[in-house]
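One structure below.
In our numbering, the protein residues as written are 26 to 214.
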């Protein structure tokens, strides 16, 4: 029998796969049980509601996002290079089998209006990414506005890639971000 941490990890991983592939609302808890190999009773002991499970999946996705961004930026030397590495991460992700866009945007679209917990988890993730970009911009001597423009490119690239299935979207967004970062600003001048 799995301990609570292992059972929790198995349920979150199973729910993540199912929710991302099929959508949150179309996946029942029986499907999560079957995928995770954990009884419904145990699942509900770990996650009292499906919303609690969705929030746990989103927090798991945030960790994966942060790790992916950090890995893509590992060899970057400057704050500018680390910021542009976001698009390298996106490019690799968009090319993965089963890419369906941003799980946060997808979850917010499905549940944001009815689940404050899900809306909060999505908002926290998006705000965390904005802080990351703003911190890098500040290190580079650029204003927050420049960082937020780059964030908008990254967010738009995710949605566009999911809808159009155009594998070049991240590369185009990176080139646009390079241009934004290269424009002299009062803070950098």
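Think of the CB as a built atom: it goes at the ideal place given N, C-alpha and C, for glycine as much as any other residue.
message: Please state whether the Cβ-Cβ distance between residue 202 and residue 112 is less than 8 Å.
response: yes
query: Should residue 272 be labelled buried (16 or more other beta-carbon atoms within 10 Å of its own) or exposed?
result: The structure shown has nothing for residue 272, since the chain only spans 26 to 214.
query: Does the pairing of the segment 190-200 with the segment 114-134 give three or more beta-carbon distances under 8 Å?
result: yes
field: Simplified DSSP assignment, three categories, for residue 99
entry: Residue 99: coil per DSSP, three-state reduction.
Three-state class that DSSP yields for residue 159 in the structure shown: helix
task: Taking all protein chains shown into account, decide if residue 188 is buried (16 or more other Cβ within 10 angstroms of its Cβ) or exposed.
output: Its Cβ having fewer than 16 others within 10 Å, residue 188 is exposed.
- request: Just the C-alpha distance for residue 77 and residue 165, rounded to the nearest angstrom, thanks.
  value: So the alpha carbons of these two residues sit roughly 39 Å apart.
message: Can you tell me whether residue 37 is buried or exposed? The criterion is at least 16 other CB atoms within 10 Å of its CB, across all chains shown.
response: buried
message: Since residue 56 and residue 43 should fall inside the 8 Å C-beta cutoff, what is the C-beta to C-beta distance between them, to a whole number of angstroms?
response: 6 Å
Residue 146 vs residue 80 beta-carbon contact at 8 Å: The Cβ-Cβ distance between residue 146 and residue 80 falls below 8 Å.
- request: Decide yes or no for the touch test of the segment 81-88 against the segment 127-136: beta carbon pairs closer than 8 Å, at least 3 of them.
  value: yes
query: Helix or strand or just coil, what does DSSP make of residue 136?
result: helix
- request: Whole angstroms is fine: what's the gap from residue 215's alpha carbon to residue 95's?
  value: Since the first residue of the chain shown is 26 and the last is 214, residue 215 is not available in this structure.
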